[in-house]
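Structure first, then comments.
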Amino acid sequence: MDIGTVHRAPLPEAADEEADGAPSMVPRFAMRFSSTPRGARLARRLVAKRLEQWGCSPESEAHQSMVSIAGELCANAVRHGHVPGRDFRVCLTATDAVLRIEVTDTRGERRPKPRSNPCDAENGRGLLIVGMLADRWAVVAHPPGHPGKTVRAEVHTQPAASDATGN
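Residue numbering for the sequence shown follows the numbering used here, beginning at 291 and increasing consecutively.
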């Protein structure tokens, strides 16, 4: 089964360049999914599979964090960003130091906000989970005339320099 295409493209908004000044090339996976619970589950599974194909061990903290983040962001896109007849999009990129996921839906007016729900609540904690697992995350509004928003999250695959030295 073909699980999508891998494109090698510059990491969006990345300033990294090769020694010769050319943009650095990173693995990239992008795919549209039906805005249904089944689409969200499939997206999560394909993110896990793609990370494994790129050499990110399923036992690694980075892999497990990114798959959990993917599940939360895709579920949110389906639950809060659904417009009948419109899909959501997942874009996954990887560098030696960072895994990045972007989930785009068509409901730009519904910007996600982390909530503090009671511990026994059955839902409403997805962004809190994303905030705990991601090293950085943000919501990016699309420009006027282009409906939607993108929620992006990053997980570092290597400790920051200050972490490695103990400072």
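Ideal Cβ placement from N, Cα and C applies to all residues, glycine included. Please read these numbers as outputs of a predicted model, since none were measured by experiment.
- Taking each of R318, E362 and Q343 in turn and checking the Cα distance to R334, the smallest one comes out for E362.
- Going by DSSP, C364 is part of no beta strand (DSSP E) but of the alpha helix (DSSP H) stretching over E351 to H370.
- Taking a C-beta distance under 7 Å as the contact criterion, T396 and G438 qualify as a contact pair.
- Boundaries of the beta strand (DSSP E) around A431: R426 to A431.
- The alpha-carbon of T383 is positioned some 6 Å away from that of P317.
- For the 7 Å CB-CB criterion, C364 and A330 form a contact.
- Here S358 is buried: its Cβ has 16 or more other Cβ atoms, across all protein chains shown, within 10 Å.
- Residue environment for E349: exposed (fewer than 16 other C-beta atoms within 10 angstroms of its C-beta).
- The C-beta of M422 has fewer than 16 other C-beta atoms within 10 Å across all chains shown, which makes the residue exposed.
- Nearest in C-alpha terms to R328, of all of Q354, S347 and R369, is R369.
- A443 sits in a strand when the DSSP states are folded into three classes.
- Looking at the backbone, the Cα of M315 and that of M321 are separated by about 19 Å.
- Under the rule that a run must span 4 or more residues, the alpha helix (DSSP H) segments found entirely inside the segment 323–347 read 327–343.
- Cβ contact annotation for D386 (same chain, cutoff 8 Å, sequence separation greater than five): T447 and Q448, in chain order.
- Taken through DSSP and simplified to helix, strand or coil, M422 comes out as helix.
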